[in-house]
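Numbering (the working numbering), first residue to last: 114 to 542. In this text, a Cβ means the ideal position worked out from N, Cα and C, and glycines have one as well. For reference, the structure is listed below as structure tokens.
This is how it looks when you write it as structure tokens:
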């Protein structure tokens, strides 16, 4: 959510930003916000004036009564009554304006960074740096589900019976590999100085509306029937919500946190949810990184965060690249964002395995996350989030890149301590 002062003083900048995001239907919201804001301030001024008259009128009534001027006192009482009725009406009207104003403000996208490429959708995202040479295999790489089945590592049929499409059982060495990657990612981030956290897996609606746009909420979140609770789509949601409506001491910043959680997503509108495979699923696990910092530090942390993910994948000998998200592919709260994509030897192309975002103060404004600056003023923090690793999508890249001609899967050295010393997973005869 933007600072209302920015819309007041530079509405054209806000409109130009909306155009860069190809959301022209939202241009009218800027003018509507200005009108609502003007009306609210007018009502506030009128209300303040009327409230200031209360004491004066009360004193007049007391004086008139003492002087025996009952008729004049009654007239003054009538004026006071009408004033109070008007104040009540102003407060009711202001409350209605506040609701409309907040709804409009939350729909206006965050100002994007100057270096974000302008483009309509993800087809116009821009490739950044590439890490490790992507090499083609000398043999045909099977579909990832076929690799998993050859290793006796997955059971989709049973999951369909128990839970429906979009779920799975991982078994044996593959289940162990899944946990090994998460454990390695946890320790990797702890070694970077991040504090490890396990957050609540359900959050209230006021947290949901604070961490994401309404469109994202509708397409992602599972609602708990009869409760004001939602299953988290990523631990970022509850991790950021932990700081809502707080004022942090400046000395405590930055908070650098890494969190584990299962994640639950409707994947509404997603293609291929009923196809074979585990690329898009309703439930998965993820290691996340969260930073809450001062505004002047967020650009630096953005660079650090996505490079940590790259470093992690490179340490597991998986080629990756940075893909810079264009303006039309940025969610409304994002200032800038990039995906980390892993190489798929089977498809001979890269695919997304993680995403890093700087939201500046947009999230913090919605949730009331502030810090007390050296001058004693309460300022809004900046928030950032990034995927460390998210199996099982990451497993697809792992299996394809480390598949051997005999059907076995190579285990990189960094993961062997988490795999009981195993250096490979072999097919089951």
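Please state the DSSP three-state secondary structure of residue i.
i, result
"residue 386", "At residue 386, the pLDDT of 45 sits below 50, so the modelled position is not reliable and the matter cannot be decided from this model."
"residue 200", "helix"
"residue 251", "coil"
"residue 275", "helix"
"residue 153", "helix"
"residue 117", "helix"
"residue 122", "helix"
"residue 297", "helix"
"residue 535", "coil"
"residue 264", "coil"
"residue 355", "coil"
"residue 530", "helix"
"residue 139", "helix"
"residue 330", "helix"
"residue 128", "helix"
"residue 302", "helix"
"residue 133", "helix"
Which residue wins for smallest C-alpha separation from residue i, given the options the options?
i, options, result
"residue 447", "455, 425, 434, 474", "474"
"residue 168", "193, 440, 294", "193"
"residue 278", "380, 255, 215", "380"
"residue 224", "287, 445, 485, 458", "445"
"residue 143", "121, 459, 227", "121"
"residue 280", "353, 335, 260, 395", "395"
"residue 290", "541, 540, 524", "524"
"residue 343", "490, 298, 322", "322"
"residue 335", "372, 362, 377", "377"
"residue 115", "481, 158, 532", "481"
"residue 437", "426, 424, 423, 453", "453"
"residue 157", "207, 302, 191, 495", "207"
"residue 495", "356, 427, 463", "356"
"residue 264", "534, 531, 512", "512"
"residue 546", "170, 195, 200, 196", "There is simply no residue 546 to check, as the chain begins at 114 and stops at 542 in what is shown."
"residue 149", "177, 117, 458", "117"
"residue 298", "522, 130, 500", "500"
"residue 489", "507, 362, 528, 132", "362"
"residue 196", "392, 242, 162, 247", "162"
"residue 332", "459, 345, 295", "345"
"residue 189", "172, 359, 200, 202", "172"
"residue 439", "398, 130, 502", "130"
Assign residue i to one of two classes, buried (16 or more other C-beta atoms within 10 Å of its C-beta) or exposed (fewer than that).
i, result
"residue 526", "exposed"
"residue 498", "buried"
"residue 251", "exposed"
"residue 204", "exposed"
"residue 239", "exposed"
"residue 306", "exposed"
"residue 536", "exposed"
"residue 154", "exposed"
"residue 510", "buried"
"residue 468", "buried"
"residue 504", "buried"
"residue 179", "exposed"
"residue 484", "buried"
"residue 413", "exposed"
"residue 425", "buried"
"residue 387", "In this predicted model, residue 387 has a pLDDT of only 41, less than 50, meaning its place in the structure is not dependable; the value taken from the coordinates is given anyway. The residue is exposed, with fewer than 16 neighbouring Cβ atoms inside 10 Å."
"residue 221", "buried"
"residue 517", "exposed"
"residue 128", "buried"
"residue 449", "buried"
"residue 401", "buried"
"residue 293", "buried"
"residue 176", "exposed"
"residue 236", "exposed"
"residue 460", "exposed"
"residue 371", "buried"
"residue 455", "buried"
"residue 324", "buried"
In the DSSP output, which residue or residues are listed as bridge partners for residue i?
i, result
"residue 270", "Partner(s): none; residue 270 has no beta bridge."
"residue 336", "343"
"residue 315", "344"
"residue 308", "370"
"residue 283", "267"
Taking 8 Å as the CB-CB cut-off, is residue i touching chain D?
i, result
"residue 164", "Of the protein chains in this structure there is only one, and it is not chain D."
TODO: Run through the segment 359–437 for me and flag every whole alpha helix (DSSP H) of 4 or more residues, listed as ranges in chain order.
DONE: 411–428
Open item on the list: My parser needs the alpha helix (DSSP H) runs of 4 or more residues fully inside the segment 439–525; what are they?
Closed with: 475–480, 506–515
TODO: Pick out the complete alpha helix (DSSP H) segments inside the segment 167–247, 4 residues or longer, and give them in chain order.
DONE: 183–220
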